[in-house]
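Let me begin by presenting the structure, written as structure tokens, before commenting on it.
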Amino acid sequence: MRRVVVTGIGLITPLGTGKEKTWKNLLDGKCGIDKITAFDTSEHTVHIAGEVNDFNPEDYIEKKEIKKLGRFSQFAIAATKEALADAKFEITPENAERVGTIIGSGIGGLDIIEQEITKLVEKGPKKVSPFYIPAAILNMASGNTSIYVGSKGPNKTVVTACASGTNSIGDAFQTILLNKADVMIAGGTEATVTPSGIAGFANLKALSTNPDPKKASRPFTADRDGFVLAEGAGILILEELEHAKKRGAHIYCEVAGYGSNADAYHITAPAPEGLQQSKCMKLAIDDAGLSVEDVDYVNAHGTSTHLNDLNESLAVARLFGDHAKHLFISSTKSMTGHLLGAGGAVEAIACALTIENKKVHPTINLVEPDDELKALGLNYVPGKAVDADVNVAISNSFGFGGHNATLLLKKYIEA
359 MRRVVVTGIG LITPLGTGKE KTWKNLLDGK CGIDKITAFD TSEHTVHIAG EVNDFNPEDY
419 IEKKEIKKLG RFSQFAIAAT KEALADAKFE ITPENAERVG TIIGSGIGGL DIIEQEITKL
479 VEKGPKKVSP FYIPAAILNM ASGNTSIYVG SKGPNKTVVT ACASGTNSIG DAFQTILLNK
539 ADVMIAGGTE ATVTPSGIAG FANLKALSTN PDPKKASRPF TADRDGFVLA EGAGILILEE
599 LEHAKKRGAH IYCEVAGYGS NADAYHITAP APEGLQQSKC MKLAIDDAGL SVEDVDYVNA
659 HGTSTHLNDL NESLAVARLF GDHAKHLFIS STKSMTGHLL GAGGAVEAIA CALTIENKKV
719 HPTINLVEPD DELKALGLNY VPGKAVDADV NVAISNSFGF GGHNATLLLK KYIEA
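Numbers given in my numbering equal positions in the sequence shown, counted from 1, plus 358.
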């Protein structure tokens, strides 16, 4: 039986470019959400987002090539280069065919679409860039990344809304188990902090209208009023265990289980009581050959919307029973905002770093859960990080359309 481990991490988030910045700020309870600077929001009802402000694409991509790439592709390439460097893994002509790439995105090149449609309407079809389509389509995060780093193995894009990053890592995990690759570049990327992105989610009544950017994302809190849109990317280097050991790679943790199912209920709302979400978590736990009592930490989807936080909490309480009160549960989105298709990848990385560093990051802005959540007695790790020897962590992602995905990561122990 092949085993899969995490040997490299790359992060581009509102908390900073690079693994060290993001992880430190997560542990410190810093908030990466602020007033939007990318465009004028004066006519919008929402003025805040989780923007990536310290990212310079020229650090990763030749200047002349940048204009051909959507911001989501730029993030993916940069995070991949960070992850490969972290893994100390070089793709060569000899190993390239056994290195694959699966990078998900919920929406893709929305910035490019807006830009080129504006040209079309205002200046006519001849002014539309010849790079419009290849810059905007969702598969190009994975495609461009493969081109830039030379990975020639299985290459695809998973699009399951907010579950895209998690499903991408799960599919990459299974690709290695099936012996279709030895190394997989896996994760998610998103760049939808744009005028239509903000307007679309705001008019859907999904976004927080809290004017204070540092307190707007407040998962599990009684007065939560919606999520905060964010951008960025998270990339993991997944590697077959013996392949990693042979080259002396540092191992963060083992990917041991993956669950995926559907609510079959509603285009945006989760199914009541979180029944399918609890089944999805159970699928991942069963896939790893573990029991619910083995799980120490749940990185919640935790969006700061009323229905998501309630239904996910009910799902956890149902599945884990008496053990639920012994779990650490926290929401990365309380600090990063919601990175949509990249969210699950960033949160899986948070799980890997939790296992590695024996620290659980907090859920910030959690003042008082509402009565429904309070009655469940769950530990959402409010306010401050805690020291904890986490052996098994799960990461949940639940997307529009009823897409549910769960990853199970555990401390690596040589059998």
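Here a beta-carbon is modelled for each residue, glycine too, at the ideal position from N, C-alpha and C.
According to DSSP, is Y490 helix, strand or coil? The three-state reading of DSSP puts Y490 in helix, counting H, G and I together.
Continuous beta strand (DSSP E) stretch holding A761: start and end: Contrary to the premise, residue 761 reads as His rather than Ala in this sequence. It spans 761-768 - the beta strand (DSSP E) in which H761 sits, taken as one unbroken run.
Report yes if the C-beta distance between S487 and E474 is below 8 Å; otherwise report no. Between S487 and E474, the CB-CB gap stays under 8 Å.
Extent of the continuous alpha helix (DSSP H) run through G528: For G528, the enclosing alpha helix (DSSP H) starts and ends at 522-535.
Nonlocal neighbours in the same chain, by C-beta distance under 6 Å from D444, ignoring five residues either side: Counting only Cβ-Cβ distances below 6 Å, and skipping sequence neighbours, we find G366, I367.
Go ahead and label G411 buried or exposed: buried means 16 or more other beta carbons lie within 10 angstroms of its beta carbon, across all protein chains shown. Correcting the residue identity first, residue 411 is Asn in this sequence and not Gly. Exposed.
Under DSSP, the alpha helix (DSSP H) around M359 begins and ends at which residues? Boundaries for M359: no alpha helix (DSSP H) harbours it, and the DSSP string shows neither H nor E there.
Residues in its own chain within less than 6 Å of E726 by CB, not counting five upstream and five downstream? Cβ-Cβ distances below 6 Å link E726 to A580 in the same chain, with the five nearest sequence neighbours on each side left out; the list follows chain order.
With DSSP run on the structure shown, which of helix, strand or coil describes N411? When DSSP states are grouped into helix, strand and coil, N411 belongs to the coil group.
Neighbour-count burial assignment, M359, 16 or more Cβ in a 10 Å radius: By the neighbour-count rule (16 or more Cβ atoms within 10 Å), M359 is not buried but exposed.
Three or more C-beta pairs closer than 8 Å, one from the stretch 454-463 and one from the stretch 538-554: is that the case here? The answer is yes - the stretch 538-554 touches the stretch 454-463, with three or more Cβ pairs under 8 Å.
Does N657 come out as helix, strand or coil in the three-state DSSP assignment? Strand at N657.
Report the option in K716, G741, F756 whose CA atom is closest to the CA atom of L698. Cα-wise, what sits closest to L698 is F756.
I'd like to know if Y655 contacts chain D, where contact means its C-beta is closer than 8 Å to some C-beta of that chain. The structure shown contains no chain D, having only a single protein chain.
Close-in-space but distant-in-sequence residues of the same chain around H405 (CB under 7 Å, 5 per side omitted): So the qualifying residues of the chain are K393, I394, T399.
At the level of alpha carbons, what is the spacing between H684 and C611? Their Cα atoms are separated by approximately 22 Å.
Would you check if the distance between the CB atom of S671 and the CB atom of L736 is smaller than 8 Å? A Cβ-Cβ contact shorter than 8 Å links S671 with L736.
For E409, count the other beta carbons within 10 Å of its own beta carbon; 16 or more makes it buried, fewer makes it exposed. Which is it? The residue in question, E409, is buried, as its Cβ has 16 or more Cβ neighbours within 10 Å.
When H659, G660, M639, A658 are compared against E651, the one with the closest alpha-carbon: Among H659, G660, M639, A658, the Cα nearest to that of E651 is on M639.
Is it the case that the stretch 420-427 contacts the stretch 487-506, given that we only count it when at least three CB pairs across the two stretches are under 8 Å? Segments in contact, yes.
Identify every residue that forms a DSSP beta bridge with G617. Beta-bridge pairing links G617 to T764.
Nearest by alpha-carbon distance to A743: which of Q634, H601, P492, L724 is it? Checking every option, the nearest Cα to that of A743 belongs to L724.
Return the CA-CA distance between G528 and P483, expressed in angstroms with no decimal places. Their Cα atoms are separated by approximately 41 Å.
On the DSSP bridge list, what partners appear for A544? For A544, which the question treats as bridged, DSSP gives the partners I460, L594.
Who are the Cβ neighbours of I370 in its own chain at under 7 Å, not counting the five residues just before and after it? Hits under 7 Å: V410, F413, F433, A436, A437, G590, A591.
Expressed to the nearest angstrom, what Euclidean distance is found between the alpha-carbon atoms of L442 and A454? In this structure, the CA atom of L442 is about 13 Å from the CA atom of A454.
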